[in-house]
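Student:
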Amino acid sequence: MNTKLKVSEISKIYPGCVANNKVSLEFGSGKIYALLGENGAGKSTLVKILSGVVKPDEGEVFLNDKSIKLNSPLDAKKNNIGMVFQHFNLFETLSVFENLSIDSDTKDEDLRVLVNDILKKYNFKIDLDIPVLNLSAGQKQKVEIIRCLIGNPKVLIMDEPTSVLTEQETDDLFISLKQFSKDGILIIYITHKLKEVLSLCDEVAVMRKGKVVSVSNTIDEKIESLANKMVGENLNTIKKKFNKFKNSEEILKISNLNFKSDDPYETNLKDLNLSLKKGECLGIAGISGNGQNELFQILSGEIITEGTSIMFRNKEIGKLNPRERREYLMAFSPEDRISQAAVPELKIYENVALNNFKSSNFFEKGLVNEKKIKEHSKKILSNFSVNTDNVELKSQFLSGGNLQKLIIGRELITSPELLVCFNPTWGLDVGAINYIHETLIKINQQGKSSILISTDNDELLKLSDRICVIYKGKLSKIMNADTVTAEKLGILMGGGSID
Amino acid sequence: MIKIEKRNDVSRSIYFLTPVLAIFLTLIGGAIIFYILGFNPIEALKFFFITPISDLYGLSELLVKATPLCLIAIGLSFCFKSNNWNIGAEGQLIFGGIVGGGVALLFYNHDGFYVLPIIILSGALGGMLFAMIPAILKTYFNTNEILVSLMLVYVAKLLLDYLVVGPWSNPEGFNFPETRQFSESARMPILFDGLRIHAGIFITLITVFLSWLILYKTYLGFQIKVSGLSLKTAKYAGFKGKTMIIIVFMISGACAGLAGVGEITGPIGQLHRNISPDYGFTAIIVAFLGRLNPVGIIFASLIVALTYLGAETAQIFLQVPKYTGQVFQGMILFFLLGSDYLLFFKIKFLGLKKNEL
Numbered sequence: 001m002n003t004k005l006k007v008s009e010i011s012k013i014y015p016g017c018v019a020n021n022k023v024s025l026e027f028g029s030g031k032i033y034a035l036l037g038e039n040g041a042g043k044s045t046l047v048k049i050l051s052g053v054v055k056p057d058e059g060e061v062f063l064n065d066k067s068i069k070l071n072s073p074l075d076a077k078k079n080n081i082g083m084v085f086q087h088f089n090l091f092e093t094l095s096v097f098e099n100l101s102i103d104s105d106t107k108d109e110d111l112r113v114l115v116n117d118i119l120k121k122y123n124f125k126i127d128l129d130i131p132v133l134n135l136s137a138g139q140k141q142k143v144e145i146i147r148c149l150i151g152n153p154k155v156l157i158m159d160e161p162t163s164v165l166t167e168q169e170t171d172d173l174f175i176s177l178k179q180f181s182k183d184g185i186l187i188i189y190i191t192h193k194l195k196e197v198l199s200l201c202d203e204v205a206v207m208r209k210g211k212v213v214s215v216s217n218t219i220d221e222k223i224e225s226l227a228n229k230m231v232g233e234n235l236n237t238i239k240k241k242f243n244k245f246k247n248s249e250e251i252l253k254i255s256n257l258n259f260k261s262d263d264p265y266e267t268n269l270k271d272l273n274l275s276l277k278k279g280e281c282l283g284i285a286g287i288s289g290n291g292q293n294e295l296f297q298i299l300s301g302e303i304i305t306e307g308t309s310i311m312f313r314n315k316e317i318g319k320l321n322p323r324e325r326r327e328y329l330m331a332f333s334p335e336d337r338i339s340q341a342a343v344p345e346l347k348i349y350e351n352v353a354l355n356n357f358k359s360s361n362f363f364e365k366g367l368v369n370e371k372k373i374k375e376h377s378k379k380i381l382s383n384f385s386v387n388t389d390n391v392e393l394k395s396q397f398l399s400g401g402n403l404q405k406l407i408i409g410r411e412l413i414t415s416p417e418l419l420v421c422f423n424p425t426w427g428l429d430v431g432a433i434n435y436i437h438e439t440l441i442k443i444n445q446q447g448k449s450s451i452l453i454s455t456d457n458d459e460l461l462k463l464s465d466r467i468c469v470i471y472k473g474k475l476s477k478i479m480n481a482d483t484v485t486a487e488k489l490g491i492l493m494g495g496g497s498i499d
Numbered sequence: 500m501i502k503i504e505k506r507n508d509v510s511r512s513i514y515f516l517t518p519v520l521a522i523f524l525t526l527i528g529g530a531i532i533f534y535i536l537g538f539n540p541i542e543a544l545k546f547f548f549i550t551p552i553s554d555l556y557g558l559s560e561l562l563v564k565a566t567p568l569c570l571i572a573i574g575l576s577f578c579f580k581s582n583n584w585n586i587g588a589e590g591q592l593i594f595g596g597i598v599g600g601g602v603a604l605l606f607y608n609h610d611g612f613y614v615l616p617i618i619i620l621s622g623a624l625g626g627m628l629f630a631m632i633p634a635i636l637k638t639y640f641n642t643n644e645i646l647v648s649l650m651l652v653y654v655a656k657l658l659l660d661y662l663v664v665g666p667w668s669n670p671e672g673f674n675f676p677e678t679r680q681f682s683e684s685a686r687m688p689i690l691f692d693g694l695r696i697h698a699g700i701f702i703t704l705i706t707v708f709l710s711w712l713i714l715y716k717t718y719l720g721f722q723i724k725v726s727g728l729s730l731k732t733a734k735y736a737g738f739k740g741k742t743m744i745i746i747v748f749m750i751s752g753a754c755a756g757l758a759g760v761g762e763i764t765g766p767i768g769q770l771h772r773n774i775s776p777d778y779g780f781t782a783i784i785v786a787f788l789g790r791l792n793p794v795g796i797i798f799a800s801l802i803v804a805l806t807y808l809g810a811e812t813a814q815i816f817l818q819v820p821k822y823t824g825q826v827f828q829g830m831i832l833f834f835l836l837g838s839d840y841l842l843f844f845k846i847k848f849l850g851l852k853k854n855e856l
C-alpha cells in the first residue's frame with residue numbers, strides 16, 4: 001500500500017505574523033520525514049493544519065492525489081492521519097484501556113484483541129488495566145501511539161516527541177518508528193534536534209519564518225549544514241561593541257548546581273557552573289524548553305537552592321527569595337511580561353510596587369506609602385520613555401513595548417548590579433526592540449552586569465560578551481562572543497558538539 | 500455556532516451594580532415561585548421583604564442576623580481575595596463558640612468586667628486555631644483546603660453535639676442537649692431594652708474598618724491583592740506565599756470565631772446543638788454579593804439577613820417552610836454568578852459557515 005501526502009501552497013496568517021507562507025511539500029510512504037525548524041518557524045502550524053486543528057487560509061492538502069478537507073481532528077482521523085502531540089491528551093485517573101476505548105467505535109472485547117495484537121507486534125510492554133498516572137512519560141506516549149495505530153493510520157505525525165523522554169525511551173521510540181515505517185506508515189517527525197534528524201529520518205525539510213527553505217536527503221546533510229539552514233546564514237554579521245570590563249572582578253558564581261523537578265514538563269538542570277564579571281553580559285542561547293525557565297527561576301529565587309551554590313558579590317544567596325535578592329541589588333525581567341512580570345488588572349504604580357525592598361520605602365511600617373510609589377513610578381515613566389504619564393492607568397492598556405519598558409525601567413531604576421532578563425524583546429516591534437537593546441548595552445557600559453537568556457540568536461550575538469548554550473538542562477562551555485558564529489550556536493542548540 | 504469571548508475592560512460601576520441586578524432578578528424569580536405556589540406574588544414578596552422590617556423589633560432582628568454574617572464574610576474576603584477557598588467558616592464559627600462557651604462556663608457565677616473580653620478573645624482564638632488546620636495542611640502537605648475546611652465543619656458540629664449532650668450538659672437541665680445559661684457578666688450588653696440587638700455589632704463595625712485598612716492600605720493587603728490576581732507574579736515578587744496563606748486563614752477563622760462567640764453570648768446565652776443557622780455557609784454568598792469589598796459586604800449582609808427574617812415571616816403568614824429563605828439565598832448566588840459571567844464574557848452568535856454544514 002503506497003501512501004502519498006502532498007501539501008500545496010499552504011498559507012496561514014495570524015494577526016501580525018505569517019505562520020505559513022506558501023508551503024508546499026510532498027511525502028511518500030516507506031520513509032521518515034523530518035520537519036526541522038526553530039520555535040516559531042511554522043512547523044507546528046503546518047502540523048495543526050494536517051491534523052485538522054487549524055484551517056489554512058489558502059492551499060490544499062492531497063492524500064493519494066485526492067484533495068481532502070480537514071476541518072476538524074475527526075476529519076483527519078477519517079482520512080487515516082494520526083497525530084501524537086507533544087503534550088499528552090490522556091485521562092490520568094482512567095486505565096490505559098479506558099483511555100483507548102473512549103474515542104474508539106470498536107466493541108470493548110474486539111478492541112482488547114486489537115490492542116493486544118498491536119502490543120505483541122511492536123513489543124510494547126504496557127499493562128492495559130492500570131491507571132495512566134502510574135505510567136512513565138515514555139509509556140504514556142506509547143498509549144498515544146497505540147491510540148493512533150488502532151485507527152490504522154496511513155500517516156503518523158509526531159510533534160517533538162522526545163522532549164519529555166529519557167535517552168533510553170528515545171531509543172525505543174526510534175526503533176518503533178522505523179518499524180512503523182517498514183509497515184508502510186508514512187511518518188512525519190517534527191523536531192528541532194539535529195542529531196535526531198540524522199539518526200532517524202530519511203528526508204528533511206527545513207522551515208524558517210513560515211517558509212520551507214530546503215528539502216534534502218539526510219545522507220547529504222551534516223549537523224553543521226542543517227544548523228545553518230535552520231538558523232539562517234545571515235546572522236553572524238552584527239557584532240558586539242568593545243567591552244572595557246573584561247578583567248574586572250567576579251560578581252556572580254554558580255557552582256555545581258543541580259535542580260530536579262517534580263513536574264514532568266519541567267526540565268531538570270544538571271551540574272550548572274557559571275561565573276559573571278562586573279560589566280559583562282552573559283548570553284544564554286537555546287531552543288525554548290531546554291531549561292531556560294528553570295534557570296531563570298533559580299537566578300531570581302523563585303526556585304530556592306542550597307545557599308552556597310549561588311554566590312553574588314561574595315554572599316551566599318541560593319536560599320534567598322526574589323525580594324531578599326533584590327536587597328542585594330539584583331533585578332529580574334521574566335519572559336512572561338503579561339501575567340508574571342506585571343499584573344494587567346493592576347495600575348501602573350501598583351505594578352511598580354512589586355519591585356519592593358527595604359530601601360525603596362514603598363511600605364513604611366507595613367503601610368502603603370502611595371505618594372512615594374507614585375513619584376517613583378512617574379520617574380520610571382519619563383526616564384524609560386513609556387508612552388504615558390498616568391500612573392493610575394491599568395497596565396493592561398499599555399502596548400507590549402511600553403509594558404516591557406515599564407518593567408525594565410522598574411528593574412533598572414534602582415541601579416542593580418545584575419539584571420537577569422529572559423526573552424526581553426519577545427513579540428515587540430522593531431522600535432521597542434532597539435530601545436531595550438540600547439538600554440541593555442548602556443547598563444554594561446555603566447559597569448553593571450547582565451545575564452540575557454534568549455531564544456533569539458540575533459539578539460544574543462548583538463548584546464553578549466560571552467555566550468553559552470543550554471541544551472536539555474545542561475550548559476555548554478562558555479565562549480567569547482567574538483569566536484561564536486550562528487553556525488556554532490545552531491549546532492549546540494540542536495544537541496551537537498563542537499571542539 | 501456560539502463563541503464565548505473574554506471582555507477586556509469591565510467598568511467599575513457596572514461591576515458593583517451587577518449585585519443589585521442579581522437581587523432584582525431574585526425578586527422576580529421569587530415572585531414566579533410564589534405565583535406557582537398559588538400566592539399573590541406581590542403580597543408574598545411584601546411578607547417576605549417588607550413586613551419583617553416594618554417595626555423597630557424587626558430592624559433590630561435584621562441587625563442581629565446581619566452582625567455575624569457581615570463579620571464572617573469580611574474574614575472570608577481575605578481568603579477569597581488571595582485565592583484561598585475557605586469553605587469551612589461554619590466549622591470555625593462553631594469551634595469559636597465551643598471555646599468561648601467553654602470559657603463562659605468556666606466563669607459561671609463569676610462577676611467582673613474582664614469576663615466578657617476573655618470569652619470573646621478565646622472565641623476568636625478558637626476559630627483562628629481551627630482555621631489554621633486547613634491552612635497548615637495546605638501549605639505543608641499540599642492538601643486541598645476546600646475539602647479539609649468543609650469536612651472540619653462536621654467535626655466541629657459533632658464535637659459540639661458531644662459536649663452539650665455529655666460533659667457540658669446542664670446538671671439541672673433534665674438531659675436536654677444544652678449547657679447552663681451563661682451568667683450575666685458573660686453576656687453581650689443589650690443596646691436597647693426589649694430588643695435583641697447587642698454590642699456584637701460594634702465588634703463587626705470595628706472589624707470592617709480594620710479590614711478596609713489592612714486590605715487597601717497595608718503591605719499585607721497589597722500582597723493579598725497581587726496573589727489573588729496572579730500567583731506567578733506573587734512568587735516573582737518574592738512574597739512569602741506560605742506565611743500569607745496561614746495569615747489569611749487566621750484572620751478568616753478569627754472573624755468566624757468572633758461571630759460564633761457573639762451568637763452564644765448575645766441572643767442565645769448558652770451552648771446547644773444549633774448555635775448557627777448555617778451563617779458560615781451563607782456568609783460565602785454575602786462575601787461575593789458584596790464583591791469582597793468591606794462596604795459592599797455590609798450592604799450584602801443586610802440583604803441576606805433579610806432573607807432569614809423573611810423566611811420566618813413567610814412561614815407564619817403564608818405557611819411555607821422556612822427553607823424558602825435558603826431558596827432565596829440560592830437564587831441570589833445563582834443570579835450573581837450568572838450576571839458576572841455575562842459581565843466578564845461576551846457571547847457571540849455566529850452564523851453557520853458554509854463549509855461547516
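Taken in sequence, the protein lines are chains F and X.
As numbered in our numbering, the first sequence has no gaps in its residue numbers, which increase by one up to the final residue, 499.
As numbered in our numbering, the second sequence has no gaps in its residue numbers, which increase by one up to the final residue, 856.
C-beta atoms are modelled at their ideal positions from N, C-alpha and C, and glycine is treated no differently.
1. Compare the Cα-Cα distances from X:Ile713 to each of F:Leu367, F:Gly400, F:Glu60 and F:Ile451 and report the closest residue.
2. Would you call X:Lys741 buried or exposed, if buried means 16 or more other Cβ atoms sit within 10 Å of its Cβ?
3. Name the chain F residues whose beta carbon is nearer than 7 angstroms to that of X:Gly528?
4. Between the Cα of X:Leu805 and the Cα atoms of X:Pro551, X:Tyr534, X:His609 and X:Arg772, which residue gives the shortest distance?
5. Is X:Ala737 close to chain F? Criterion is C-beta to C-beta, closer than 7 angstroms.
6. Sort out for me which residues DSSP pairs F:Pro131 with in a bridge.
7. If you check the beta carbons only, do F:Ala76 and F:Gly59 fall under 7 angstroms apart?
8. Measuring only the C-alpha atoms, how far is X:Gly737 from F:Lys405?
9. If you draw a straight line from the alpha carbon of F:Asn387 to that of F:Tyr349, how long is it in whole angstroms?
10. Taking the alpha carbon of F:Pro264 as the reference point, which residue from F:Ile413, F:Pro344 and F:Gly138 has its own alpha carbon closest?
11. In this structure, does DSSP put X:Phe515 in helix, strand or coil?
12. Grab the span of the beta strand (DSSP E) containing X:Thr638 for me, first residue to last.
13. Report the three-state DSSP secondary structure of F:Tyr122 (helix, strand or coil).
14. Taking the alpha-carbon positions, what's the X:Phe844 to X:Leu791 distance?
15. Once you ignore the five residues that flank F:Tyr122 on each side, which residues in its own chain have a CB closer than 7 angstroms to its CB?
16. What are the boundary residues of the beta strand (DSSP E) that F:Gly527 is part of?
17. For a test of the three-state rule: what should DSSP assign to X:Ile696, helix, strand or coil?
18. Please name the residue, chosen from F:Val61, F:Ile441 and F:Lys43, that lies closest to F:Ser8 on a Cα-to-Cα basis.
19. Are there 16 or more other CB atoms within 10 angstroms of the CB of F:Thr93, so buried, or fewer, so exposed?
20. Since F:Glu60 sits in a beta bridge, which residues does DSSP pair it with?
21. In chain order, what residues of the same chain lie with their CB nearer than 6 angstroms to the CB of X:Gly528, ignoring the 5 residues before and after it?
22. Tell me, to the nearest whole angstrom, how far the beta carbon of F:Gly400 is from that of F:Ile223; I am working on the premise that it is less than 8 angstroms.
23. Could you spell out the range, first to last residue, of the beta strand (DSSP E) harbouring F:Gly30?
24. Determine whether the Cβ of X:Tyr840 lies closer than 7 angstroms to any Cβ atom of chain F.
25. Which residues share a DSSP beta bridge with F:Asn20?
26. Could you please give the first and the last residue of the uninterrupted alpha helix (DSSP H) stretch that includes X:Lys656?
27. What residues are listed by DSSP as bridge partners for F:Tyr471?
28. Using only the alpha-carbon positions, how far apart do F:Lys488 and F:Ala19 sit?
29. Measure the C-alpha to C-alpha separation of F:Leu235 and F:Arg326 and round it to an integer number of angstroms.
30. Leaving out five residues before and five after X:Arg442 in sequence, what residues of the same chain have Cβ atoms less than 7 angstroms from its Cβ?
31. Pick helix, strand or coil for F:Lys315, following the three-state DSSP scheme.
32. Residues in the same chain with beta-carbon distance under 7 angstroms from F:Asn152, minus the five sequence neighbours each way, listed in chain order, please.
33. Which residues share a DSSP beta bridge with F:Val212?
34. Comparing the C-beta of F:Ser11 with each C-beta of chain X, is any distance below 7 angstroms?
35. Please decide whether X:Leu728 counts as near chain F, where near means a Cβ-Cβ distance under 7 angstroms.
36. DSSP beta-bridge partners for F:Thr191?
Tutor: In brief:
1. F:Leu367
2. exposed
3. By Cβ distance, chain F contributes nothing, its closest Cβ being about 31 angstroms from X:Gly528, past 7 angstroms.
4. X:Pro551
5. Reading the sequence as shown, one finds Gly at residue 737 of chain X and not Ala. Yes, X:Gly737 lies at the interface with chain F (some Cβ there is under 7 angstroms from its Cβ).
6. F:Ser95
7. no
8. 21 angstroms
9. 15 angstroms
10. F:Gly138
11. helix
12. Here X:Thr638 belongs to no beta strand (DSSP E); instead the alpha helix (DSSP H) covers Val614 to Phe640.
13. coil
14. 20 angstroms
15. Ser176 and Gln179
16. This structure cannot settle anything about residue 527 of chain F, because the visible part of chain F is limited to 1 through 499.
17. coil
18. F:Val61
19. exposed
20. F:Ser8
21. Met830
22. The Cβ separation is near 35 angstroms, so there is no contact.
23. No beta strand (DSSP E) contains F:Gly30, which DSSP labels as neither H nor E.
24. no
25. F:Lys12
26. Glu644 to Val664
27. F:Lys474
28. 26 angstroms
29. Note that F:Leu235 scores a pLDDT of 42, beneath 50, so its modelled location is shaky and nothing firm can be said.
30. The structure shown does not extend to residue 442 of chain X, since chain X is modelled only from 500 to 856, so the question has no answer here.
31. strand
32. Asn80
33. F:Met207
34. no
35. yes
36. F:Leu36
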